[in-house]
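K.L.:
Structure below; questions to follow.
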Amino acid sequence: MIYSKIKAGELEITPRKVNFYRDVLERVLDFQEEYTLKKGMRFLCDVPKDLEVICDADYVEVIYNNLLTNAIRYGEEGTEIFIGYSDKGDIYHYFSVATVSEPIPKEDREVIFKRYVTTRKNGSGIGLDVARGLIRKHGGKIWVEPCYFLPGKCLWEEAANQEDKDKMNEGNNFVFTILKKLKET
Numbered sequence: 001m002i003y004s005k006i007k008a009g010e011l012e013i014t015p016r017k018v019n020f021y022r023d024v025l026e027r028v029l030d031f032q033e034e035y036t037l038k039k040g041m042r043f044l045c046d047v048p049k050d051l052e053v054i055c056d057a058d059y060v061e062v063i064y065n066n067l068l069t070n071a072i073r074y075g076e077e078g079t080e081i082f083i084g085y086s087d088k089g090d091i092y093h094y095f096s097v098a099t100v101s102e103p104i105p106k107e108d109r110e111v112i113f114k115r116y117v118t119t120r121k122n123g124s125g126i127g128l129d130v131a132r133g134l135i136r137k138h139g140g141k142i143w144v145e146p147c148y149f150l151p152g153k154c155l156w157e158e159a160a161n162q163e164d165k166d167k168m169n170e171g172n173n174f175v176f177t178i179l180k181k182l183k184e185t
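Counted from 1, the sequence shown has number 182 at position 182 by full-length UniProt numbering; the numbering is strictly sequential.
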């Protein structure tokens, strides 16, 4: 239903100021916990517990569920899923989901967000397209970039270049933005 509304241009969001950790992340992490435990994975969350964001919490929950489902499905068993937040001082909130997994080739990093495109055998190619549509409704963008892992630590490519990459696990970091000044309804 969400998918067809996005494609028809009929999806409306209801942005409200929410405690992001409590009203979005806790609900998503509770929902996904059983699946992470089955793969021996765990979440490492670096999102301030007092972060307030204007968004449609229900739809941002869908975004996270899609990203985390992929992280669990394609991530290596027994590893961590990093959930991050960054405030770069511009007009966006930056959120990320990173996991140790087979790196997505550079030539596939844009195409995976299109409908019915998947680079893996067991995917429908709809989840990332839905996430992208919902993120656009929040005035944001989504992309994927390579990342590297040390125990309990996720490094973006520029930070990893200063370390010994041969001793690190590789993975993918899905980053999305939400406008900071989204109008409340």
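A virtual CB, placed ideally from N, CA and C, is assigned to each residue, including glycine.
Starting from Ile142, follow the beta strand (DSSP E) in both directions and report where the run begins and ends.
P.N.:
Its beta strand (DSSP E) spans residues 142-150.
K.L.:
On the CB-based measure, 16 or more other CB atoms within 10 Å of its CB, does Leu150 come out buried or exposed?
P.N.:
Leu150 comes out exposed.
K.L.:
Counting only runs that start and end within the stretch 35-110, where is the alpha helix (DSSP H) found for 4 or more residues in a row?
P.N.:
Within the stretch 35-110, the complete alpha helix (DSSP H) runs of at least 4 residues are 57-74.
K.L.:
Evaluate the contact criterion for the stretch 132-141 versus the stretch 25-37: three or more CB pairs, one atom per stretch, below 8 Å.
P.N.:
Short answer: they don't touch.
K.L.:
Which residues in the same chain as Val18 place their Cβ atom closer than 8 Å to its Cβ, once the five residues preceding and following it in sequence are excluded?
P.N.:
Result list for Val18: Val24, Glu52, Val53, Ile54, Cys55, Ala57, in chain order.
K.L.:
Quick check: the Cα distance between Pro105 and Val62, rounded to an integer number of angstroms?
P.N.:
When rounded, the distance between both Cα atoms is 25 Å.
K.L.:
Contact defined as beta carbons within less than 8 Å: I believe Lys180 pairs with His93. What is the distance between those atoms, to the nearest angstrom?
P.N.:
Indeed, because the Cβ distance is near 6 Å, the residues count as touching under 8 Å.
K.L.:
Could you tell me which of Lys114, Tyr85, Asn173, Asn169 sits nearest to Phe20, measuring between CA atoms?
P.N.:
The shortest Cα separation from Phe20 among Lys114, Tyr85, Asn173, Asn169 belongs to Tyr85.
K.L.:
Pick from Leu134, Lys114, Ile13: whose alpha carbon is nearest that of Ile126?
P.N.:
Among Leu134, Lys114, Ile13, the Cα nearest to that of Ile126 belongs to Lys114.
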